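Participant: Respectively, the protein sequence lines represent chains A and B. Heads up: the first sequence is residues 1 to 426, going by this note's numbering. Heads up: the second sequence is residues 1 to 569, going by this note's numbering. The beta carbon of each residue, even a glycine, is placed where N, CA and C say it ideally should be. The structure displayed is predicted, hence computed values, not measured ones.
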Amino acid sequence: MKLKTLFIATAATMSLTLSNVLLAGETIKVGVLHSLSGTMAISETTLKDTVLMMIDEQNKKGGLLGKKLEPVVVDPASNWPLFAEKTRELITKDDVDVIFGCWTSVSRKSVLPVIEELNGLLFYPVQYEGEESSKNVFYTGAAPNQQAIPAVDYLMDEIGVKRWVLAGTDYVYPRTTNKILEAYLEAKGVDKKDIMISYTPFGHSDWQGIVSDIKKFGSEGKQTAVVSTVNGDANVPFYKELANQGVSAEDIPVVAFSVGEEELSGLDTAPLVGHLAAWNYFQSVEADVNEDFIKRWQAFAGKERVTNDPMEATYIGFNMWTAAVEKAGTTDVDAVEQAMIGITSPNLTGGIAVMNKNHHLSKPVFIGEIQEDGQFEVVWKTESVVPGDAWSDYLPGSKDIIADWTAPIKCGNYNVKTEKCSGQNF
Amino acid sequence: MCAQHIYKSEFMYTVLFKLKKLAVFFLLTLFVAISSRAQTSDIQTAETSDSLTFEQLVAQMPSAKLNDLSEIINALELLSDDRSLVLFEFMLEGKLYFIEADNAVITLNEELNGGEAYVATNVIDLSIIARINDDEIKKIRVNNKLRIQLRKAIAKFTLFSKNPERRKTAVENLMSNLTLDNIALLQEATASEKNTAIKNKIELALNIAALQSKNIDEQKLAIKALDGELHPEVRGALNAIIEKDSDGNYLTQDKQLIQLAEAALKKIDSKLEFYGFLERLFFGLSLGSVLLLAAIGLSITFGVMGVINMAHGELLMLGAYTTYMIQTLMPNYIGVSVLIAIPAAFIVCALVGIAIERGIIQFLKGRPLETLLATFGLSLILQQTVRSIFSPLNRQVSTPDWMAGALQINPGLSLTYNRLYIIIFSLMVFVALLLVMKKTSLGLYVRAVSQNRDMAKAVGIKSDWVDAMTFGLGSGIAGVAGVALSQLTNVGPNLGQSYIIDSFMVVVFGGVGNLWGTLVAAFSLGVFGKFLEPLTGTVLAQIFVLIFIVLFIQKRPRGLFPQKGRSAE
């Protein structure tokens, strides 16, 4: 009797696994590699939800190549080495065809060797420092010339800023961006003594000394501005301290590259009003596609939720991937990679985004002022789209380097002078 | 128009009251405005706005772009209509709206039902709208450029105001915009000004204007008059005098003037340096007070009881979340809520502390390694619990008005109120704790048990009860510290982690078991760190402090004030 039940049970589980395998054969698996716990959970959870919403919508439209999309969500827990492990797991164990993921540059750098070794496909949706182009990664966020450089141009030309404070969190993205900005400012004729650079650790909360230094630096009689690559929640005490010490956005404006709608939601915005942010997308941009997207997002995730720039980058990346898969007729990485180049997709601000040969997008740049309600008021935008530049033209080491993934170059690190491909160095 | 509508500055409403009487006259002009709106909407170019009336200009506002708004404000400024002032002030505060249905421009006076609807005033005829819904109105946009423009425009209107505070801000705002018009206005004002403080400010502004003029004799006189003045505008103007062109030659030819300006700058700089030193000291004390608050609870549980409590940081976090809870319970009394949060956080954290002691630590007595691991695990559990209940996002704790801003001692030195209060508060907590330990029977028992447990038991002290109470006291103090921290840093599940290392560092450095040691250690580490910061940068300064402590502990393993006598063994 016992033996019989055991047999039935085994048979049942076996048939279950079998049917699972069969079902799995009929779906296209999409890996979602965003931290759902730890310090980055604040920002990354939203992107996971965005991918899930896009998959859901795609499935309602009938899936892709006649198959359903199936999300595989993993939690790398804001732990950089774990990002690499989870990537390996997604590609070898779960057999995903594409991964949407990563936020910080550290996490992307840790995923890179794995994704190149296993020939996977990663869509990276966040603004970053550039100086990279991998065959297996598509960068849908902004490169420095799509965010930092236009922001500096705006401050210089429209506000008349003469003295610059480059303040950042101490890690790879702010350090590289500030290096580029410093070179750019010096090329524009700004004196070295008119640039002040300061770094702080992650989660810094005691800003009194730095703000007082900024105040002194700004009291020399020339218009001063702060270019902030301060990341994460350290921004809140920073802005609070600015307000407490009486530094207003009218005296010394702060333009931030990591403060978006999501970071501002649920935060006392009174001390921030008038400060600036540079992005490729703001929720407040008036466009029909945007309104429609916001409506869908709020229906999916909740009435109070806001949208932001990395969400738009995820949206564009996902749409481009589905278009490329349809164009290639397969989810094979090499075929999709080639199909991706030149693909266009509407962005949420009413224009068209193009995937360039260097795996970066062409996008418009907006400068917005923070309002009381946590939204941004666009005060400036580029006249046309700006193509993303993987290798900055302002750094001596990368001036001659380009990325081009089409034949005959097919290289992410190609020196036009020596005509040599150096491959990646991470 | 009864008393409850008065919610902004009283002055503005006295203006409104007076103008209300004129409303009848304006009703007529309103009709003109409405009928002319159709025409003006076609010709909304900035050039035409010079000759327009107040009504016409205001009617243009709802559909104007930001650049056009700037022109409209310019034109309104020239009209010298008293209604402009009210409009400017509301616009500056972002409370100028228009009704979408008929494009009437209104100011929002009072919130109803938590922001669903408002009491509003029509800008043109000053009629009160008793209730207008949030979705019927749209904001008239402002940006930084407009805000600067508005501030200057308001300054012109209020330079002759009855309220001395407003005259003062007016002078302050005009100081950065010393055009010929404004200089004439200031000269006019100095004749009629009775208040000496404001008169001095106007003198200062006029002297700065003289410094900026191209007249060398006036400039020299101004430099003498402005001797030792720390206002940033003075420094800016002096710097402009000694500016060099790209070849390194002075722009001004007069050698004497350059000498005078350089001497004046030197004097200002040495003064600023002195005040800068005082400011650094204040920053150091402030950092020290935060360290003291974070560590003082630990100096009881770790220092006196010898329990290595890795969950101490989470007790700070619970204190901060208690502040958040109290604020959500009484959203209309933010100013008081922080004060109420202090005892509340003490009770909550003391109870949690007692539970930890009774539930975990008492079973691990004399096994420091196991205690460390168990409390570390507990800290993770507490973090995840908070994350599940309150979400992983940071919670917004508002700063009461009395804690915002800074105490301006002179233009070179200002002390922020929140830091000032927290320094005072940390000393109060310290003194209170000292009194508890020295003057109460609980303190006596605690000292007895920590010195010799067996002997204390022998004379009839319930050592278990004392342990629980001591741990509760230390945890409660940690909760109180959390209330203070909620005003300085982000309230999130990870709040505790950033303070736990610092807390242990302070207690070990000060000497385990010595409250005074903790005090001295906290303030000296704070001041040391803050004076290192400008030399090395924030990141390196923290590393240097750690290296310093490592070396110090090598030399004096028992810290600054080691316990002496048999009890220390």
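Nearest CA to the CA of B:L572: which residue from B:F90, B:I124, B:L535, B:N113?
Facilitator: As shown, chain B starts at 1 and ends at 569. That puts residue 572 of chain B outside it, with no answer to give.
Participant: Within 10 angstroms of its Cβ, does A:Q146 collect 16 or more other Cβ (buried), or is it exposed?
Facilitator: Classification for A:Q146: buried.
Participant: Establish whether the CB of B:E71 and some CB of chain A are separated by less than 8 Å.
Facilitator: No, no contact with chain A.
Participant: As a quick exercise: from B:L87, B:R387, B:A261, B:G510, pick the residue whose alpha carbon is nearest that of A:A41.
Facilitator: Per the Cα distances, B:R387.
Participant: Just the Cα atoms here: how many angstroms apart are B:F605 and B:A295?
Facilitator: Only positions 1 to 569 of chain B appear in the structure, and residue 605 of chain B is not among them; the question remains open.
Participant: Output, in chain order, the set of chain A residues within a Cβ distance shorter than 8 Å of B:E165.
Facilitator: Chain A residues near B:E165: none, gap ~16 Å exceeds 8 Å.
Participant: Alpha carbons only, please: which of A:K420, A:N347, A:L47, A:G160 is nearest the one belonging to A:L36?
Facilitator: When only C-alpha atoms are compared, the closest one is A:L47.
Participant: Output needed in chain order: residues of the region 373-398 of chain B with a Cβ under 7 Å from some Cβ in chain A.
Facilitator: Listed in sequence order: P392, L393, N394, Q396, S398.
Participant: Using a C-beta cutoff of 8 Å, does A:I42 count as contacting chain B?
Facilitator: So, interface residue.
Participant: The alpha helix (DSSP H) spanning B:A188 covers which residue range?
Facilitator: The sequence as given places Glu at residue 188 of chain B; Ala does not occur at that position. Looking at the DSSP string, the run of the alpha helix (DSSP H) that includes B:E188 is 180-192.
Participant: Does the beta-carbon of A:E241 have 16 or more other beta-carbons within 10 angstroms, so that it is buried, or is it exposed?
Facilitator: With 16 or more Cβ atoms within 10 Å of its Cβ, A:E241 is classed as buried.
Participant: According to DSSP, which residues form a beta bridge with A:C411?
Facilitator: Note: A:C411 sits in a beta bridge opposite A:D404.
Participant: Over what stretch of residues does the beta strand (DSSP E) that includes A:R163 continue unbroken?
Facilitator: Element bounds for A:R163: 163-169.
Participant: Which chain B residues sit within Cβ distance under 9 Å of A:Y199?
Facilitator: Ordered by position in chain B, the residues that pass the 9 Å Cβ test against A:Y199 are G537, T538, V539.
Participant: State the Cα-Cα distance for the pair B:V466 and B:R358, rounded to the nearest angstrom.
Facilitator: Cα to Cα, the separation comes out at about 11 Å.
Participant: Figure out for me which residue from A:Q58, A:D97, A:S198 has the closest Cα to the Cα of B:T536.
Facilitator: Selected option, being the one with the closest Cα: A:S198.
Participant: Check whether the region 337-349 of chain A touches the region 368-376 of chain A, counting contact only when three or more Cβ pairs, one atom from each stretch, lie closer than 8 Å.
Facilitator: The answer is no - the region 368-376 of chain A does not touch the region 337-349 of chain A, with fewer than three Cβ pairs under 8 Å.
Participant: Can you give the Cα-Cα distance for B:S286 and B:A240, rounded to whole angstroms?
Facilitator: If I take the Cα positions, the gap works out to 36 Å.
Participant: If you compare alpha carbons, which of B:L551, B:I132, B:G284 is closest to B:V97?
Facilitator: For the sequence presented, residue 97 of chain B should be read as Tyr rather than Val. The residue with the shortest Cα to Cα distance from B:Y97 is B:I132.
Participant: Would A:V255 and A:A270 be called neighbours here (beta carbons separated by less than 8 Å)?
Facilitator: Cβ atoms of A:V255 and A:A270: not closer than 8 Å.
Participant: Looking only at C-alpha atoms, which of B:D401, B:Q383, B:G228 sits nearest to B:K267?
Facilitator: With distances taken between Cα atoms, B:K267 lies closest to B:G228.
Participant: Count the other C-beta atoms from every protein chain shown that fall within 10 angstroms of the C-beta of B:R141, then say buried if there are 16 or more, exposed otherwise.
Facilitator: Classification for B:R141: buried.
Participant: Let me confirm a value: A:S133 is counted as buried when at least 16 other C-beta atoms fall within 10 Å, else exposed. Which label applies?
Facilitator: With 16 or more Cβ atoms within 10 Å of its Cβ, A:S133 is classed as buried.
Participant: Helix or strand or just coil, what does DSSP make of B:A541?
Facilitator: The answer is helix: DSSP assigns B:A541 an H, G or I state.
Participant: Taking all protein chains shown into account, decide if B:L393 is buried (16 or more other Cβ within 10 angstroms of its Cβ) or exposed.
Facilitator: Counting Cβ neighbours within 10 Å, B:L393 comes out buried, since at least 16 surround it.
Participant: Given a threshold of 16 other Cβ atoms within 10 Å of its Cβ, counted over all protein chains shown, does A:T418 qualify as buried or as exposed?
Facilitator: It counts as exposed.
Participant: Going by the CB atoms, is the gap between A:V72 and A:G31 shorter than 8 Å?
Facilitator: Contact: yes.
Participant: Taking 8 Å as the CB-CB limit, is A:D268 close to chain B?
Facilitator: Cβ-Cβ to chain B under 8 Å: yes for A:D268.
Participant: With DSSP as the reference, label A:I352 as helix, strand or coil.
Facilitator: A:I352 falls in the strand class under three-state DSSP.
Participant: If we ignore side chains and look at the alpha-carbon of each, how far apart do B:I34 and B:A101 end up?
Facilitator: Any reading at B:I34 needs caution, since the residue's pLDDT is 45, under 50, leaving its predicted position unreliable; the model's value is listed next. About 13 Å.
Participant: What whole-angstrom Cβ distance do B:G472 and B:S379 have, given they're in contact under 8 Å?
Facilitator: Actually they do not touch by this definition, with Cβ atoms about 18 Å apart.
Participant: I want to see whether chain A comes within less than 8 Å of B:I549, judged by CB atoms only; does it?
Facilitator: Closer than 8 Å: no.
Participant: Look up B:Q56 in the DSSP assignment and give the residues it is bridged to.
Facilitator: According to DSSP, which records beta bridges pairwise, B:Q56 is partnered with nothing at all.
Participant: Since A:P346 is in the beta strand (DSSP E), which residue starts that stretch and which ends it?
Facilitator: 344-346 is the extent of the beta strand (DSSP E) around A:P346.
Participant: Between the alpha carbons of A:A187 and A:K215, how many angstroms are there, rounded?
Facilitator: So the alpha carbons of these two residues sit roughly 26 Å apart.
Participant: Can you name, in chain order, every residue of its own chain whose Cβ lies under 6 Å from the Cβ of B:I553, other than the five neighbours on each side?
Facilitator: If we look at B:I553 and ignore the five residues flanking it on each side, it has no Cβ neighbours.
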